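Novice: Okay, so the sequence shown: first residue is 1 according to the UniProt record's numbering, each after it adds one.
No residue lacks a Cβ here, since even glycine has one placed at the ideal position from N, Cα and C.
Because the structure is a prediction, the values reported are computed rather than measured.
Structure provided below as structure tokens; questions to follow.
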Amino acid sequence: MQQKCYYEILNISKTASDVEIKRAYRKLAMKYHPDRNPGDKEAEIKFKEISEAYEILSDGSKRARYDQFGHAGVNQQAGAGGFGGFEDIFDTFFGGGTSRGSARSRASRGSDLEYTLEITLEEAFFGVEKEITIPRMESCDSCDGTGSKSRTKATCHACHGQGNIRRQQGFFAFEQTCPVCNGTGYSIADPCDACYGNGKVKKQKTLKVKIPEGVDSGDRIRLQGEGDSGSNGAMNGDLYVQIIIKEHKIFERRDMNLYCEMPISFTKACLGGDIKVPTLDGEVVLKVVPETQTGKVFRLREKGMKSLRGHKRGDLLCKVVVETPVNLSAEQKELLEKFADSLGEDYQSKHAPKSKTWFDNVKDYAKKFFE
């Protein structure tokens with residue numbers, strides 16, 4: 001089946017910047033995250049596609065290979081740190097590998113694992129230590145990882161411990177994985193009851209993860225050696241913790257800057273004054289200038305997110321929303337009517353320049369139909 005275009009998966013153009021890639025990933029990951037779509041297999045598949053696309057396009061070298069060669073240029077990256085090239089092609093066609101490949105199969109590195117962790121915006125700002133529990137393959141305690149009740153292994157009689165057997169077909173000689181021991185080089189006469197001869201069992205492992213301040217959705221934290229157990233003394237795989245930041249009730253994050261809407265009263269907009277504005281590390285006082293209109297943006301410098309790398313901070317941008325009074329009493333309505341009368345007939349020209357401009361434009365537009 002033809003693989004989907006990574007750019008189409010993230011709904012971005014091929015010229016998208018790193019910022020646009022991260023923004024698209026964050027939006028889609030939040031939408032299709034398994035925790036938000038329990039039991040939805042299609043959402044789970046979509047989330048995996050999004051994560052795979054982001055992994056390639058967020059890495060400069062992988063993205064360059066993908067742009068030049070398509071999926072063929074990056075498919076080998078999906079392996080758990082394995083070799084690419086002709087040995088893998090050989091394995092594909094002949095079902096086995098060279099002696100070098102069989103040695104690799106007998107002592108193989110454990111698989112890498114991935115865990116998605118949702119955190120709050122505050123936790124991303126200050127940094128936090130989280131405790132997670134993951135399922136992973138570990139060495140069987142019952143047989144010390146040997147797969148045998150007696151904790152002993154016998155050399156495979158078919159391949160004599162090589163893990164592969166040599167075949168001759170006409171003028172061609174090739175090696176393939178031993179069908180008796182599956183490339184391990186040994187056989188087990190008395191399989192362990194706990195692991196059924198595999199030498200590994202699935203266990204739940206609880207780990208503590210330190211989340212640095214300034215992380216963003218899409219960032220990954222690597223825990224070396226916390227993946228699946230390796231075979232026959234090989235290294236364990238790694239655990240990659242992928243960060244997703246939850247939506248905030250007040251703030252919207254765009255890279256290092258934070259955005260919010262700031263409702264103010266009609267009188268405060270007219271007369272100006274001080275208001276308290278919340279930030280992630282405490283309240284600050286903002287001076288609202290007189291005659292402030294809806295849509296005006298106040299920038300509070302260095303009140304945004306902290307940087308993951310360095311000491312810089314983003315800004316907090318507050319967009320003003322002037323609230324119209326509701327549930328007015330009869331007396332309040334009368335006062336407003338007196339206020340309106342006091343503005344006079346030339347209200348628009350003196351006190352509402354935007355309204356005057358809008359009505360003038362409407363008149364100019366209407367003239368086109370009657371001239």
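Contact check, Thr285 vs Lys303 under 8 Å by CB: the rounded distance?
Specialist: For the purposes of this step, residue 285 is taken as residue 285 along the sequence shown, with counting starting at 1. For the purposes of this step, residue 303 is taken as residue 303 along the sequence shown, with counting starting at 1. Per the sequence shown, the amino acid found at residue 285 is Val instead of Thr. With a Cβ gap of about 12 Å, Val285 and Lys303 do not count as contacting.
Novice: Quick check on this structure: which residue in Ser108, Glu334, Ile134 has the alpha carbon closest to the alpha carbon of Lys203?
Specialist: Along the sequence shown, read from residue 1 onward, the residue named residue 203 stands at position 203. The shortest Cα separation from Lys203 among Ser108, Glu334, Ile134 belongs to Ile134.
Novice: Taking the CB atoms as reference points, tell me whether Ala29 and Ile12 lie closer together than 7 Å.
Specialist: As a position in the sequence shown, residue 29 is number 29, starting the count at 1. As a position in the sequence shown, residue 12 is number 12, starting the count at 1. Not in contact: Ala29 and Ile12 (Cβ atoms no closer than 7 Å).
Novice: Please list the terminal residues of the continuous beta strand (DSSP E) segment that includes Lys202.
Specialist: For the purposes of this step, residue 202 is taken as the residue at position 202 of the sequence shown. 200-211 is the extent of the beta strand (DSSP E) around Lys202.
Novice: If Gly230 sits next to Arg309, beta carbons under 8 Å apart, how far is it from one beta carbon to the other, in whole angstroms?
Specialist: Along the sequence shown, one-based indexing puts residue 230 at 230. Along the sequence shown, one-based indexing puts residue 309 at 309. Not quite, the Cβ-Cβ distance comes to about 32 Å (not below 8 Å), so this is no contact.
Novice: Could you have a look at Ile21 and say whether DSSP puts it in helix, strand or coil?
Specialist: Sequence index remark: in the sequence shown, residue 21 carries index 21 (1-based). Ile21: helix per DSSP, three-state reduction.
Novice: Nearest-angstrom Cα distance between Gly127 and Ser217?
Specialist: Within the sequence shown, numbered from 1, the residue matching residue 127 stands at position 127. Within the sequence shown, numbered from 1, the residue matching residue 217 stands at position 217. Taking the straight line from one Cα to the other gives about 14 Å.
Novice: If you measure from the beta carbon of Arg220 to each beta carbon in chain C, is any gap under 7 Å?
Specialist: As a matter of chain content, chain C is missing from the structure shown, which is built from one protein chain.
Novice: Do you know offhand how far Thr267's Cα is from Glu261's?
Specialist: As a first step, residue 267 is located in the sequence shown; it is residue number 267 there, counting from the start. As a first step, residue 261 is located in the sequence shown; it is residue number 261 there, counting from the start. So the two alpha carbons sit approximately 18 Å from each other.
Novice: Excluding sequence positions up to five away, which residues of its chain have a Cβ less than 6 Å from the Cβ of Pro191?
Specialist: Mapped onto the sequence shown, residue 191 falls at position 191. Result list for Pro191: Gly197, in chain order.
Novice: In terms of DSSP beta bridges, what is Ala154 paired with?
Specialist: Here residue 154 refers to the residue found at position 154 when the sequence shown is read from its first residue. Per DSSP, Ser187.
Novice: Quick one: what does DSSP say Thr15 is sitting in, helix, strand or coil?
Specialist: For this step, residue 15 is matched to residue 15 along the sequence shown. Here Thr15 sits in coil by DSSP.
Novice: Going by DSSP in three states, Asp315 sits in which element: helix, strand or coil?
Specialist: As a position in the sequence shown, residue 315 is number 315, starting the count at 1. Asp315 falls in the coil class under three-state DSSP.
Novice: Should Ser150 be labelled buried (16 or more other beta-carbon atoms within 10 Å of its own) or exposed?
Specialist: Position 150 of the sequence shown, counted from the start, is the residue given in the question as residue 150. Under this definition Ser150 is an exposed residue.
Novice: Check for me: the alpha helix (DSSP H) holding Ser342 runs from which residue to which?
Specialist: Within the sequence shown, residue 342 is the residue found at index 342, counting from 1. Per DSSP, Ser342 belongs to the alpha helix (DSSP H) from 330-343.
Novice: Can you list, in chain order, the residues of its chain with a C-beta nearer than 8 Å to that of Val209? Leave out the 5 residues immediately preceding and following it.
Specialist: Indexing the sequence shown from 1 puts residue 209 at position 209. Taken in chain order, the residues that qualify are Leu117, Glu129, Lys130, Glu131, Ile132, Ile221, Leu223, Val241.
Novice: Identify which residue in Gly145, Glu44, Lys246, His160 has its Cα closest to the Cα of Asp193.
Specialist: What you label residue 193 is simply residue 193 of the sequence shown in a count that begins at 1. The shortest Cα separation from Asp193 among Gly145, Glu44, Lys246, His160 belongs to Gly145.
Novice: Have a look at Thr155 and Arg136 and give me their C-alpha separation to the nearest angstrom.
Specialist: On the sequence shown, residue 155 is found 155 positions in, with the first residue counted as 1. On the sequence shown, residue 136 is found 136 positions in, with the first residue counted as 1. Whole-angstrom Cα-Cα distance: 29 Å.
Novice: Taking Cβ to Cβ, would you say His71 is nearer than 7 Å to Gln162?
Specialist: Residue numbering aside, residue 71 sits at position 71 when the sequence shown is read from its first letter. Residue numbering aside, residue 162 sits at position 162 when the sequence shown is read from its first letter. Not closer than 7 Å, so no.
Novice: Taking C-beta to C-beta, are Val289 and Gly314 nearer than 7 Å?
Specialist: The residue labelled residue 289 in the question sits at position 289 within the sequence shown. The residue labelled residue 314 in the question sits at position 314 within the sequence shown. In this structure, Gly314 does not lie closer than 7 Å to Val289 by Cβ.
Novice: Counting only the same chain and skipping the five closest in sequence on each side, list residues whose C-beta sits under 6 Å from that of Asp228.
Specialist: Position 228 of the sequence shown, counting from 1, holds the residue named residue 228. Here the set comprises Gly110, Ser111, Arg136, Met137, Gly237.
Novice: Using 8 Å for Cβ pairs, my map puts Ser58 next to Lys22. What's the rounded Cβ distance?
Specialist: To locate residue 58, count along the sequence shown from 1; it is residue 58. To locate residue 22, count along the sequence shown from 1; it is residue 22. Going by Cβ atoms, the distance from Ser58 to Lys22 rounds to 7 Å, so yes, they are a contact pair.
Novice: Report the residue from Leu121, Glu334, Tyr6 whose alpha carbon sits nearest the alpha carbon of Phe69.
Specialist: Taking the first residue of the sequence shown as 1, we reach residue 69 at position 69. Checked all of Leu121, Glu334, Tyr6; the closest Cα to Phe69 is Tyr6.
Novice: Ala124 and Ile245: beta carbons closer than 7 Å?
Specialist: Along the sequence shown, read from residue 1 onward, the residue named residue 124 stands at position 124. Along the sequence shown, read from residue 1 onward, the residue named residue 245 stands at position 245. Cβ distance < 7 Å, so Ala124 and Ile245 count as in contact.
Novice: Give the single residue among Cys178, Thr279, Asp274 whose Cα lies nearest to the Cα of Leu300.
Specialist: Mapped onto the sequence shown, residue 300 falls at position 300. If we check each option's Cα against that of Leu300, Thr279 comes out closest.
Novice: Can you tell me which residues form a DSSP beta bridge with Glu114?
Specialist: Position 114 of the sequence shown, counting from 1, holds the residue named residue 114. According to DSSP, Glu114 bridges with Tyr240.
Novice: Please report the distance separating the alpha-carbon of Gln332 from that of Lys338.
Specialist: In the sequence shown, residue 332 corresponds to position 332, counting from 1. In the sequence shown, residue 338 corresponds to position 338, counting from 1. Computed Cα separation, rounded: 10 Å.
Novice: First and last residue of the alpha helix (DSSP H) that includes Gly197?
Specialist: On the sequence shown, position 197 is the one that residue 197 refers to. It is not in any alpha helix (DSSP H) - Gly197 carries neither H nor E in the DSSP assignment.
Novice: Return the chain-ordered ranges of every alpha helix (DSSP H) run that is complete within the stretch 242-324 and spans a minimum of 4 residues.
Specialist: Listed in chain order, they are 266-271.
Novice: Return helix, strand or coil for Ser231, following the three-state DSSP convention.
Specialist: In the sequence shown, the residue the question calls residue 231 occupies position 231. Coil at Ser231, not helix or strand.
Novice: For Val297, is the classification buried or exposed, using 16 other Cβ atoms within 10 angstroms of its Cβ as the cut-off for buried?
Specialist: Residue 297 sits at position 297 when you count from the first residue of the sequence shown. By the neighbour-count rule (16 or more Cβ atoms within 10 Å), Val297 is not buried but exposed.
Novice: When burial is assigned at 16 or more other CB atoms within 10 Å of the CB, is Gly185 buried or exposed?
Specialist: Counting from one through the sequence shown, the residue named residue 185 turns up at place 185. Its Cβ being crowded by 16 or more others within 10 Å, Gly185 is buried.
Novice: Do you know offhand how far Lys14's Cα is from Ala53's?
Specialist: Here residue 14 refers to the residue found at position 14 of the sequence shown. Here residue 53 refers to the residue found at position 53 of the sequence shown. Approximately 12 Å, taken between the alpha carbons.
Novice: Could you check if Gly183 is buried or exposed, using at least 16 other CB atoms within 10 Å of its CB as the buried criterion?
Specialist: Within the sequence shown, numbered from 1, the residue matching residue 183 stands at position 183. When all chains shown are included, Gly183 counts as buried.
Novice: Give the straight-line distance between the Cα atoms of Cys140 and Ser17, rounded to the nearest whole angstrom.
Specialist: If you number the sequence shown from 1, residue 140 lands on position 140. If you number the sequence shown from 1, residue 17 lands on position 17. Their backbone Cα atoms lie some 47 Å apart in a straight line.
Novice: Looking at the structure shown, is Lys130 part of a helix, part of a strand, or coil, going by DSSP?
Specialist: Walking along the sequence shown from the start, residue 130 turns up at place 130. Strand.
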